[in-house]
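Top to bottom, those sequences are chains F and Z. This note's numbering puts the first residue of the first sequence at 102, with every later residue one more than the last. This note's numbering puts the first residue of the second sequence at 102, with every later residue one more than the last. Here a beta-carbon is modelled for each residue, glycine too, at the ideal position from N, C-alpha and C. Below: the structure, in structure tokens.
2 protein chains.
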Amino acid sequence: MYASEPFSAAIDRETGTLASPDNIYERPLSAMAAMYEDAEAVKAALAGGDPIIYKVYEKNMPELPGELQWCMSVTMPGKIGREYFMTKGHFHEVRDTAEIYLCTRGTGYMLMETEDGRTDAQEMRPDVAVYVPARWAHRSINTGDEPLISFCVYPGDAGHDYGSIETAGFRKRIVEIDGKPAIIDNKP
Amino acid sequence: MYASEPFSAAIDRETGTLASPDNIYERPLSAMAAMYEDAEAVKAALAGGDPIIYKVYEKNMPELPGELQWCMSVTMPGKIGREYFMTKGHFHEVRDTAEIYLCTRGTGYMLMETEDGRTDAQEMRPDVAVYVPARWAHRSINTGDEPLISFCVYPGDAGHDYGSIETAGFRKRIVEIDGKPAIIDNKP
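Okay, here's the thing in structure tokens:
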């Protein structure tokens with residue numbers, strides 16, 4: 102009858118950690134090398150080590166519709182060529198589930214798109230909450246020089262679907278042009 | 102097919118407001134007079150005006166399971182007799198729905214209980230996230246001397262059920278004893 106119990110956990114808005122995470126994952130560049138536009142720049146970055154692009158500290162709740170998964174998402178600052186560090190991005194496996202990101206540190210964008218080709222980008226900065234609606238794939242992109250950190254909440258049963266976006270790529274990229282972030286078309 | 106659109110809104114962790122709320126509600130003492138243990142203290146407080154006990158700044162999303170409602174909750178500092186200012190408290194109408202509170206300012210407790218009589222209290226302070234599980238009634242209680250403020254997220258279809266807890270009351274109260282918060286039984 103009771104799927105979960107009351108609890109609390111401190112978050113650290115500056116480092117992006119949280120107390121007693123159930124799961125931590127770190128994505129190095131090698132795990133998403135094909136997602137960046139500049140293959141030569143990827144090769145150079147890998148030759149110099151294999152930088153961590155982003156980390157997630159998760160609380161894993163029961164995978165039920167009325168429960169809420171939550172985590173801290175930390176995208177590191179940096180670029181591969183002219184393209185800013187970004188998360189892999191995903192749809193939710195259960196498509197009709199939204200997500201909220203409350204940014205606690207850094208600057209960047211939440212890049213979003215739908216399967217039928219609509220795109221959107223919302224600016225992220227501390228104390229801005231971004232609503233990622235149901236059916237929108239989403240990716241965090243760090244355009245600043247410190248970690249981009251958010252507190253994230255989404256339905257318990259949402260799940261992650263990397264597959265479709267991993268092979269096709271997002272329709273837009275965010276790159277540095279003339280020292281500033283620019284949203285450009287992804288030319289396959 | 103798309104129940105909502107991407108958007109973002111700034112929150113103010115110090116005042117508890119958010120940009121362009123869809124709804125704001127304020128509960129004065131008169132709207133919850135019977136919930137405090139000390140009827141004489143209630144009468145005295147009402148005679149001196151009708152203090153606002155708490156305010157909520159809401160984003161109203163579609164009332165669907167996969168959407169997420171979110172708001173800023175602001176419980177003012179103060180006491181009625183020895184009992185700290187608190188929210189009315191509620192179950193969710195759809196019982197199997199959880200809620201997350203990320204405290205941004207102040208100190209206090211999330212007081213919780215189940216219909217079958219289990220009780221719990223989690224301490225609230227800035228940068229602590231409290232998980233209110235499905236099927237637990239919950240009430241914020243401000244035991245400090247500044248506003249107790251949280252960013253709150255819950256499933257789109259959850260709804261509020263004040264009825265049962267409004268008439269029966271919570272099984273516990275939080276009152277000041279010897280200058281400190283104490284959790285005591287509610288003697289009907």
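From the beta carbon of residue i, is the nearest beta carbon of chain Z less than 9 Å away?
i                 : result
Lys156 of chain F : no
Ala110 of chain F : yes
Pro248 of chain F : no
Thr208 of chain F : no
Ile181 of chain F : no
Asp221 of chain F : yes
Tyr185 of chain F : no
Lys273 of chain F : no
Asp123 of chain F : no
Leu192 of chain F : It should be pointed out that residue 192 of chain F corresponds to Phe in this sequence rather than to Leu. By this cut-off, Phe192 of chain F is not an interface position.
Gly167 of chain F : yes
Glu267 of chain F : no
Ile284 of chain F : no
Glu159 of chain F : no
Glu200 of chain F : yes
Pro178 of chain F : no
Glu164 of chain F : no
Val233 of chain F : yes
Whole angstroms is fine: what's the gap from residue i's alpha carbon to residue j's?
i                 : j                 : result
Thr244 of chain F : Asp151 of chain F : 20 Å
Thr205 of chain Z : Arg226 of chain Z : 7 Å
Glu184 of chain F : Gln223 of chain Z : 43 Å
Pro234 of chain Z : Phe252 of chain Z : 16 Å
Ile181 of chain Z : Thr208 of chain F : 43 Å
Asp286 of chain Z : Ala110 of chain F : 26 Å
Asp279 of chain F : Pro122 of chain F : 40 Å
Pro178 of chain F : Leu249 of chain Z : 33 Å
Asp246 of chain Z : Phe186 of chain Z : 11 Å
Val143 of chain Z : Ser241 of chain F : 50 Å
Pro166 of chain Z : Arg219 of chain F : 23 Å
Met133 of chain F : Met102 of chain F : 41 Å
Asp239 of chain F : Ala238 of chain Z : According to the sequence shown, residue 239 of chain F is His rather than Asp. The straight-line gap from Cα to Cα measures roughly 33 Å.
Nearest CA to the CA of residue i: which residue from the options?
i                 : options                                : result
His191 of chain Z : Z:Arg183, Z:Glu184, Z:Glu200, Z:Ile285 : Z:Glu200
Leu119 of chain F : F:Tyr158, F:Met133, F:Ala142, F:Glu184 : F:Tyr158
Pro282 of chain Z : Z:Tyr103, Z:Met211, Z:Ile250, Z:Val233 : Z:Met211
Asn124 of chain F : F:Ser109, F:Asn161, F:Met187, F:Leu165 : F:Asn161
Leu169 of chain Z : F:Lys273, F:Gly280, F:Tyr232           : F:Tyr232
Ser265 of chain Z : Z:Glu277, Z:Ser121, Z:Ile112, Z:Met136 : Z:Met136
Cys172 of chain Z : Z:Ala269, Z:Gly117, Z:Glu138           : Z:Gly117
Asp221 of chain Z : Z:Ile284, Z:Met102, Z:Gly270           : Z:Ile284
Ile112 of chain Z : F:Gly270, F:Ala269, F:His239, F:Asp228 : F:Asp228
Met213 of chain Z : Z:Pro166, Z:Gly167, Z:Ala134, Z:Gly270 : Z:Gly270
Only counting the same chain, and skipping five residues up and downstream in sequence, which positions put a Cβ closer than 7 Å to that of residue i?
i                 : result
Lys288 of chain F : none
Pro107 of chain Z : none
Val195 of chain Z : Asp258, Ala259, Gly260
Glu115 of chain F : Arg206
Glu267 of chain Z : Lys189
Glu141 of chain F : none
Leu203 of chain F : Ala230, Ser251, Phe252
Asp262 of chain Z : His191, Phe192, His193, Glu194
Ordered along the chain, which non-local residues of its own chain (more than five positions away) have a Cβ less than 6 Å from that of residue i?
i                 : result
Pro129 of chain Z : Asp151, Ile153
Lys156 of chain F : Glu127, Val175
Val254 of chain F : Leu169, Trp171, Ile201
Glu277 of chain Z : Arg183
Ala145 of chain F : none
Can you list, in chain order, the residues of its chain with a C-beta nearer than 8 Å to that of residue i? Leave out the 5 residues immediately preceding and following it.
i                 : result
Arg236 of chain F : Phe192, Arg196, Asp197, Thr215, Glu216
Pro163 of chain Z : Ala104, Ser105, Gly257
Ser131 of chain Z : Leu147, Asp151
Ile274 of chain Z : First, the residue type needs correcting, since residue 274 of chain Z is Arg and not Ile in the sequence shown. Closer than 8 Å at the Cβ level, and outside the excluded window around Arg274 of chain Z, lie Glu138, Glu184, Ile284, Ile285, Asp286, Asn287.
Arg272 of chain Z : Glu214, Gly218, Thr220, Asp286, Asn287
Can you find a C-beta in chain F that's less than 9 Å from the C-beta of residue i?
i                 : result
Gly245 of chain Z : no
Arg240 of chain Z : no
Pro218 of chain Z : Checking the displayed sequence, the identity of residue 218 of chain Z turns out to be Gly instead of Pro. It does not: the Cβ of Gly218 of chain Z has no partner Cβ on chain F nearer than 9 Å.
Val175 of chain Z : no
Ser105 of chain Z : yes
Gly257 of chain Z : yes
Asp279 of chain Z : no
Thr188 of chain Z : no
Asp262 of chain Z : no
Val276 of chain Z : no
Thr116 of chain Z : no
Give the residues from the stretch 124 to 155 of chain F that approach chain Z closer than 8 Å (Cβ to any Cβ), ordered along the chain. none
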